[in-house]
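K.L.:
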DNA sequence: TTGTACGCGTTATCAG
DNA sequence: CTGATAACGCGTACAA
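Set out below in structure tokens:
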């Protein structure tokens, strides 16, 4: 690999002069600058960012931690982050945790060792105490699609209560009286918020609130299928289900299919996230859309602003969800 | 951030001793080693990999270039790469190109500047001449799910000809005589291979080969819908379509729906890739499955083997595809 | 405008 | 077994 020393030798100048030329410094004559720049190009010089980072204390990369890159929800966030980072010349180190806390901590250490300039945490498992440690580490970070109870940390989220309301009210407006809720893990903020909005709406409307019709599982299709089977094979089954994400909804759809229930005739179904496949021809899932890519962009740009010194002290962005009505919801059939 | 110098001072030894302790070197007494290790832990020391990378000439990270992380096909590959890298203590820098060649080159330079240890190219746009340059750069790389004509480069692919055969023969076996093919970009190797297998099967079986029934588009649902509309609204329409990936197939499904055609009654449809959503309740797409995650793992492990000195000179892995028959294919209706 | 000298945090080499 | 010392490639005060 060619270094600035090589260029310096070839050009008959000092390495510092080459450095100045390559960094477009004003304290160098225009002609030597251009001469050196051309030479560098011709020699195929690529700056060593390890060395530069060592000096400047900044490597030019962001760390992104997500639970699962296969999940389109996080894929969209990732895309937003990556776009924003790329536009500003930064790299993105991708870390997936599978929801495993140990792995998350392991990755966090890896990223610190690599001296990334900032962290974007779209993961959910990390406990508050660890976040506290992170705050001391001086490396800027931002929470995406999650909050932290004890810690005051910058975040960008979508208003889950509002989203939960949109979904539940839509079902109630259609005339449903027997509405169940299927969430992700019960310790995940989003799960709880959507559930609490669901409860609030039911109680406002004077609809029955059954304990057995509030289920927490995990944010996967398999979990949705299992819960769906259980929920829909009871003698008294709900006429509508609000699922806390689209994957769960798809699993429930699968279970309904198995049990010979037609959607939306026998069962109305609302999901959450509007992942790309919710709009598929035969799926046509009614769902709550979140601006996921935008979340990623906002998060990345905030961290980069902090890194580059325009110090936004904090960030508390709450974006608005949007109900997307498709074909899995209808008034309840006469039964 | 605490450095080895800080630890050295605190322990009353030289920095080099600390370095030896932290690297578990044998040329240090067991007791000082342990003492220093404990001290480092207590001080919250995290090694600076920029400095380490500078002297060792290796940063401990892989660069991964994919066209689009939203596409489940590449998300799966990414997952495989990330898993393998994590297990061996490496990070992954994610780069998405949107199929834009300029962006790919830009990223390639970024990754070189960051001195990643190896490259995994799941992108398709890069031209052979550029690969040639890459070979000179001494940084090991591997092609995933693509080949290069002129250059002898390590690769891991799935046998597209075999996959194309599986799909086309399945349709022919069902009795279809009017089979169309919809590919991705015509300059993509996978597209061409699947198409050529399609042609071979048709000619072997003595089935009519219509020029208008071979269409190249792009690997997206939108493209599939457009092509589907055109193909299916002709007076003489095919009774079966082999789509070169699942997204295209889904688009075609959408178009068929719009035109009032039932699947598989009026139209049989085979996709390619078996992305997670092909198995969805109402989609149930017959498709050709590729071991995507495995490809990612094999690719990453190969590059890492090279990096770590166990020098596999080359890699030419051809994995086998698998036909997954679901509910979008059936014998042609009487017409 | 340019060159010199030093430091960033680590590892490796060579004495001791 | 341990301690100096140099080197990795670059940026930057300081001197010229």
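Protein chains in written order, with this note's numbering: chain A, 451 to 785; chain B, 451 to 785. Every residue, glycine too, gets a C-beta built ideally from N, C-alpha and C.
Counting only runs that start and end within the segment 516-545 of chain B, where is the alpha helix (DSSP H) found for 4 or more residues in a row?
P.N.:
522-537
K.L.:
Taking only three categories from DSSP, how would you classify residue 668 of chain B?
P.N.:
Here residue 668 of chain B is taken as the residue at index 218 of the second chain, counted from 1. The answer is coil: DSSP assigns residue 668 of chain B none of H, G, I, E or B.
K.L.:
Assign residue 717 of chain A to buried or exposed, taking buried as 16 or more other Cβ atoms, counted over all protein chains shown, within 10 Å of its Cβ.
P.N.:
Walking along the first chain from the start, residue 717 of chain A turns up at place 267. Buried.
K.L.:
Spell out whether any CB of chain A is found under 8 Å from the CB atom of residue 785 of chain B.
P.N.:
Looking up residue 785 of chain B in the second chain gives position 335. Unreliable positioning characterises residue 785 of chain B in this predicted model, as indicated by a pLDDT of 49, which lies under 50. A coordinate reading is not provided.
K.L.:
Evaluate the contact criterion for the segment 455-469 of chain B versus the segment 481-496 of chain B: three or more CB pairs, one atom per stretch, below 8 Å.
P.N.:
yes
K.L.:
Does the beta-carbon of residue 477 of chain A have 16 or more other beta-carbons within 10 angstroms, so that it is buried, or is it exposed?
P.N.:
Working through the first chain from its first residue, we reach residue 477 of chain A at position 27. It is exposed - the Cβ of residue 477 of chain A has fewer than 16 other Cβ atoms within 10 Å.
K.L.:
Cα separation between residue 513 of chain B and residue 566 of chain B?
P.N.:
As a first step, residue 513 of chain B must be located in the second chain, where it is residue number 63. As a first step, residue 566 of chain B must be located in the second chain, where it is residue number 116. Taking the straight line from one Cα to the other gives about 6 Å.
K.L.:
With 8 Å as the threshold, decide whether the Cβ of residue 560 of chain B is near any Cβ in chain A.
P.N.:
Locating residue 560 of chain B in the second chain gives position 110, where the first residue counts as 1. With 8 Å as the cut-off, residue 560 of chain B counts as an interface residue toward chain A.
K.L.:
Please confirm whether residue 719 of chain A and residue 693 of chain A have their CB atoms less than 8 Å apart.
P.N.:
Residue mapping note: residue 719 of chain A aligns to position 269 of the first chain, counting from 1. Residue mapping note: residue 693 of chain A aligns to position 243 of the first chain, counting from 1. Yes. Within cutoff.
K.L.:
Compare the C-beta of residue 704 of chain B with all C-beta atoms of chain A and state if any pair is closer than 8 Å.
P.N.:
As a working mapping, residue 704 of chain B is identified with position 254 in the second chain. Taking CB atoms only, residue 704 of chain B has a neighbour in chain A less than 8 Å away.
K.L.:
Could you name the residues of the same chain whose beta carbon sits closer than 8 Å to that of residue 785 of chain B, not counting the 5 residues immediately before and after it, in chain order?
P.N.:
In the second chain, the residue the question calls residue 785 of chain B occupies position 335. Reliability fails at residue 785 of chain B, whose pLDDT of 49 lies under 50, so the model's placement of it is uncertain and the value that follows must be treated cautiously. Contacts found: 689.
K.L.:
Report, in whole angstroms, the separation of the C-beta atoms of residue 722 of chain B and residue 552 of chain B, which I expect to be a contact under 8 Å.
P.N.:
Residue 722 of chain B sits at position 272 when you count from the first residue of the second chain. Residue 552 of chain B sits at position 102 when you count from the first residue of the second chain. In this structure, residue 722 of chain B and residue 552 of chain B do not form a Cβ contact; the two beta carbons are roughly 28 Å apart against a cut-off of 8 Å.
K.L.:
Compare the beta carbon distance of residue 739 of chain A and residue 774 of chain A with 8 Å and say whether it is the shorter of the two.
P.N.:
The residue you call residue 739 of chain A lines up with position 289 of the first chain. The residue you call residue 774 of chain A lines up with position 324 of the first chain. In contact: residue 739 of chain A and residue 774 of chain A (Cβ atoms closer than 8 Å).
K.L.:
Can you round the beta-carbon distance between residue 700 of chain A and residue 729 of chain A to whole angstroms, since I take them to be within the 8 Å contact cut?
P.N.:
For this step, residue 700 of chain A is matched to residue 250 along the first chain. For this step, residue 729 of chain A is matched to residue 279 along the first chain. The pair is not a contact, with the Cβ atoms about 13 Å apart (cut-off 8 Å).
K.L.:
What's the C-alpha gap between residue 670 of chain B and residue 762 of chain B?
P.N.:
If you number the second chain from 1, residue 670 of chain B lands on position 220. If you number the second chain from 1, residue 762 of chain B lands on position 312. Distance between the alpha carbons of residue 670 of chain B and residue 762 of chain B is about 36 Å.
K.L.:
Are the CB atoms of residue 482 of chain B and residue 471 of chain B nearer to each other than 8 Å?
P.N.:
The residue labelled residue 482 of chain B in the question sits at position 32 within the second chain. The residue labelled residue 471 of chain B in the question sits at position 21 within the second chain. Yes.
K.L.:
Quick test of the definition: if touching needs 3 or more C-beta pairs under 8 Å, does the segment 625-633 of chain B touch the segment 590-603 of chain B?
P.N.:
no
K.L.:
Count the other CB atoms within 10 Å of the CB of residue 782 of chain A; is the residue buried (16 or more) or exposed (fewer)?
P.N.:
Here residue 782 of chain A is taken as the residue at index 332 of the first chain, counted from 1. Under this definition residue 782 of chain A is a buried residue.
K.L.:
Which chain B residues sit within Cβ distance under 7 Å of residue 772 of chain A?
P.N.:
Within the first chain, numbered from 1, the residue matching residue 772 of chain A stands at position 322. Here the premise fails: no neighbours, minimum Cβ distance about 19 Å.
K.L.:
Can you tell which of B:772, B:731, B:764 has the C-alpha that lies nearest to the C-alpha of residue 724 of chain B?
P.N.:
Position 274 of the second chain, counting from 1, holds the residue named residue 724 of chain B. Among B:772, B:731, B:764, the Cα nearest to that of residue 724 of chain B is on B:772.
K.L.:
Alpha carbon to alpha carbon, how far is residue 522 of chain A from residue 770 of chain A? Give it in angstroms, no decimals.
P.N.:
Numbered from 1 along the first chain, position 320 holds the residue referred to as residue 770 of chain A. Numbered from 1 along the first chain, position 72 holds the residue referred to as residue 522 of chain A. Taking the straight line joining both Cα atoms gives about 19 Å.
K.L.:
For a test of the three-state rule: what should DSSP assign to residue 503 of chain A, helix, strand or coil?
P.N.:
Here residue 503 of chain A is taken as the residue at index 53 of the first chain, counted from 1. Three-state DSSP puts residue 503 of chain A in a helix.
K.L.:
Please report the Cβ distance between residue 574 of chain B and residue 638 of chain B, rounded to the nearest whole angstrom; I am assuming they are in contact, meaning their Cβ atoms lie under 8 Å.
P.N.:
Against the second chain, residue 574 of chain B aligns to sequence position 124. Against the second chain, residue 638 of chain B aligns to sequence position 188. Right, the Cβ-Cβ distance comes to about 5 Å (below 8 Å), so this counts as a contact.
K.L.:
Do residue 541 of chain B and residue 510 of chain B have their C-beta atoms within less than 8 Å of each other?
P.N.:
Within the second chain, the letter at position 91 stands for residue 541 of chain B. Within the second chain, the letter at position 60 stands for residue 510 of chain B. Taking 8 Å as the Cβ cut-off, residue 541 of chain B and residue 510 of chain B qualify as a contacting pair.
K.L.:
Determine the burial state of residue 462 of chain B: buried for a count of at least 16 other Cβ atoms within 10 Å of its Cβ, exposed for fewer.
P.N.:
If you number the second chain from 1, residue 462 of chain B lands on position 12. Burial state of residue 462 of chain B is exposed, judged by a 10 Å Cβ sphere holding fewer than 16 other Cβ atoms.
K.L.:
Run through DSSP, which three-state label would residue 625 of chain A get?
P.N.:
To locate residue 625 of chain A, count along the first chain from 1; it is residue 175. Residue 625 of chain A: coil per DSSP, three-state reduction.
K.L.:
If you reduce the DSSP assignment to three classes, tell me which class residue 509 of chain B lands in.
P.N.:
Residue numbering aside, residue 509 of chain B sits at position 59 when the second chain is read from its first letter. Under the three-state reduction of DSSP output, residue 509 of chain B falls in the coil class, being neither helix nor strand.
K.L.:
For residue 413 of chain A, which residues from the same chain have a beta carbon less than 6 Å from its beta carbon, with the 5 sequence-adjacent residues on both sides left out?
P.N.:
In the structure as shown, chain A begins at 451 and stops at 785. Residue 413 of chain A is therefore absent and cannot be evaluated.
K.L.:
On a CA-only basis, which of A:528, A:488, A:473 is nearest residue 748 of chain A? Give me that one, please.
P.N.:
Translated into positions along the first chain, residue 748 of chain A becomes position 298. Of the listed residues, the one whose Cα sits closest to residue 748 of chain A is A:528.
K.L.:
Residues of the segment 721-732 of chain A with a CB closer than 8 Å to any CB of chain B: list them in chain order, please.
P.N.:
726, 727, 730, 731, 732
K.L.:
Between residue 500 of chain A and residue 503 of chain B, how many whole angstroms is the CB-CB distance? I'm expecting something under 8 Å.
P.N.:
Here residue 500 of chain A corresponds to residue number 50 of the first chain, with the count starting at 1. Here residue 503 of chain B corresponds to residue number 53 of the second chain, with the count starting at 1. Contact between residue 500 of chain A and residue 503 of chain B holds, with the beta-carbon distance rounding to 5 Å and staying under 8 Å.
K.L.:
Once you ignore the five residues that flank residue 547 of chain A on each side, which residues in its own chain have a CB closer than 7 Å to its CB?
P.N.:
By one-based count along the first chain, residue 547 of chain A stands at place 97. Result list for residue 547 of chain A: 515, 517, 553, 554, 557, 573, 575, in chain order.
K.L.:
Taking only runs that begin and end inside the segment 575-652 of chain B, name each unbroken beta strand (DSSP E) of 3 or more residues, in chain order.
P.N.:
DSSP runs (the beta strand (DSSP E)) wholly in the segment 575-652 of chain B: 591-594, 605-608, 629-633.
K.L.:
Please list the partners that residue 590 of chain B has in chain A, where partner means a Cβ-to-Cβ separation under 8 Å.
P.N.:
For this step, residue 590 of chain B is matched to residue 140 along the second chain. None at all; the shortest Cβ gap to chain A is about 14 Å.
K.L.:
Residue 542 of chain A touches chain B at which residues, Cβ-Cβ below 9 Å?
P.N.:
One-based indexing of the first chain puts residue 542 of chain A at position 92. Near residue 542 of chain A (Cβ distances below 9 Å), the residues of chain B are 543, 544, 545.
K.L.:
List, in chain order, every chain B residue whose beta-carbon is nearer than 9 Å to that of residue 529 of chain A.
P.N.:
Within the first chain, the letter at position 79 stands for residue 529 of chain A. Simply 518, 519, 520, 546.
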